[in-house]
Structure formats: structure tokens, C-alpha cells
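Report on one structure; see the data block that follows.
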Amino acid sequence: MVTQIDAIARPRAGKGAARQVRREGNIPAVIYGNNKDPITVALKSNELRKLISKGRFFASVFDVQVDGKTERVLPRDVQFDPVMDYPIHVDFQRINDDGRVRVFVPVAFKNRERSVGLKRGGALNIVRHEVEVFCPADGIPQEFEIDLSKVDIGTSIHISSVNMPADTTPTISDRDFTVATIVGKGAKAQADEDADEADAAEAGEASGEGGGDEKKADDKS
57 MVTQIDAIAR
67 PRAGKGAARQ
77 VRREGNIPAV
87 IYGNNKDPIT
97 VALKSNELRK
107 LISKGRFFAS
117 VFDVQVDGKT
127 ERVLPRDVQF
137 DPVMDYPIHV
147 DFQRINDDGR
157 VRVFVPVAFK
167 NRERSVGLKR
177 GGALNIVRHE
187 VEVFCPADGI
197 PQEFEIDLSK
207 VDIGTSIHIS
217 SVNMPADTTP
227 TISDRDFTVA
237 TIVGKGAKAQ
247 ADEDADEADA
257 AEAGEASGEG
267 GGDEKKADDK
277 S
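Just so you know, my numbering puts 236 at position 180 of the sequence shown, and the rest follows in order with no gaps.
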């Protein structure tokens, strides 16, 4: 289901224009991507806050209505006020013509109470709480479910064992990476260290990938 958001076009970008939008009770936003020029818009503050509070904001597709035109987008970033913690700027990326998006999907671990390894005193070490995938914009999975009932100590759960829809693929395709393991109590500290290293490596990969295909409007402050 795609949610519609009504927006007001803003002819100007920049810090001063963004502050004026906020004084009027709205939230500045930018829409970019899909080889089109970025556009700056203003969103109703109350409406946006409700959408964010519902959860899964970054895994939801929206139709932004601007001057009679529709921009189908995926949220990419929300800037919050550091003191009041309410949104003050939003980045939206247009969905490509092929209708596919790049998005993080949470991983849910089921049947912990029935897990062979956990019953034996093992500990669940979650390497990735989310998995980044390519998938259709109108078919973003709610979560990836992993059944722990038959998983014993010393077992690693790799991405290849995670059930995904046929049209959904991990963005990391060059290795069968680990999602979680069940380790003995003595190995938990080392597993936590390994997980931190994996997260750091993934963050490094993400920082080197580059952003969209155009420079976003600079009006976030």
C-alpha cells in the first residue's frame, strides 16, 4: 500500500528558506534521484510526524503530490532537532523507472525458547539486525524470519538460508555472509567483537558506494 503525502512546492532552497518554512509550521524536504532535477517542497508537520511514529518509515513508499504531479519516493534521511527531537528536514529519493528499491529489512528470530543451542546454555549472537536488499517498491518485505528451533551451539546462519521472495536479493552478492550464530557462553565476548568488526566493515562499504545521481538541494540547516 502506497501512502499519499500532500506537499507544497518551494521555489527556493537554502538555509534561510528552510527556516522560513519551519516558522510557518511546515517541514522542508527535498526530492531527488532517477536522473531528474531535485525539487524542494514543504510538508505539513503534524502529518509527517504521524507517518514517522507509525514505524517502518524508511521501508515505506509514498506518493508525494506536488502541484498536481505525483512523485513516487522512498524516504532516505530524516534530520531531527537535537534538543526537541522532532523532524526538521526530510530527504526523499525517487523510485527508479524499473520500480526497484534498495532498502533495509529487519530480521526476526523465532522460537528462541525451542532452540536446541539456547537450551544448552548457548547465546544468540546477532551479526545483522537488518539485511539490505534490492526488491520491488510495491513488495518490500516486512521482515525476514529465522527459525531457531533446530539451531545448535556452533551453528552459523548465513544469508543463503534466509527465505526471501524470488524478486528480492541481498545487495551484498559476493559472499554468503553471516546473519547470526549461536555460541557457547565462553565465546560470546569474541562473537561480540567479531560482530562489531562486521558492522564497521559494512559501514565502510556503504560510505564508499556514493549517493544518488544528482546533488541534493542544500537547505538542511
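For each residue, glycine too, the CB sits at the ideal point set by N, CA and C.
The three-state reading of DSSP puts R105 in helix, counting H, G and I together. Bounds of the beta strand (DSSP E) holding Q135 are K125 to F136. Annotated three-state conformation of A222 is coil, per DSSP. Rounded to whole angstroms, the separation of the alpha carbons of Q76 and R68 is 11 Å. Per DSSP, A164 lies in no alpha helix (DSSP H) segment; the continuous beta strand (DSSP E) that holds it begins and ends at R156 to K166. Note that the C-beta distance between G173 and I202 is not below 9 Å.
Taking the Cβ atoms as the reference, V146 lies roughly 7 Å from L99, within the contact range of under 8 Å. If you check the CB distance, I228 and I215 come in under 9 Å.
The segment 179-186 makes no contact with the segment 135-153: fewer than 3 CB pairs, one atom from each, lie closer than 8 Å. Put simply, the backbone Cα of Q121 is about 40 Å away from that of S217.
Put simply, the backbone Cα of R158 is about 7 Å away from that of C191. Residues of the same chain with a CB within less than 6 Å of the CB of P162, apart from the 5 flanking positions on each side, are E186 and E199 in chain order. Counting only unbroken stretches of 4 or more residues, the alpha helix (DSSP H) elements lying wholly within the segment 64-101 are 71-79, in sequence order. Excluding residues up to 5 positions away in sequence, I144 lie with their Cβ nearer than 6 Å to the Cβ of D137 in the same chain.
Contact between I64 and V97 holds, since their C-beta atoms are separated by about 6 Å, short of 8 Å. DSSP, reduced to helix, strand and coil, places L174 within a helical segment of the structure shown.
Straight-line measurement puts the Cα of K175 at about 15 Å from the Cα of F165. By DSSP's assignment, V122 forms a beta bridge with A63 and K125.
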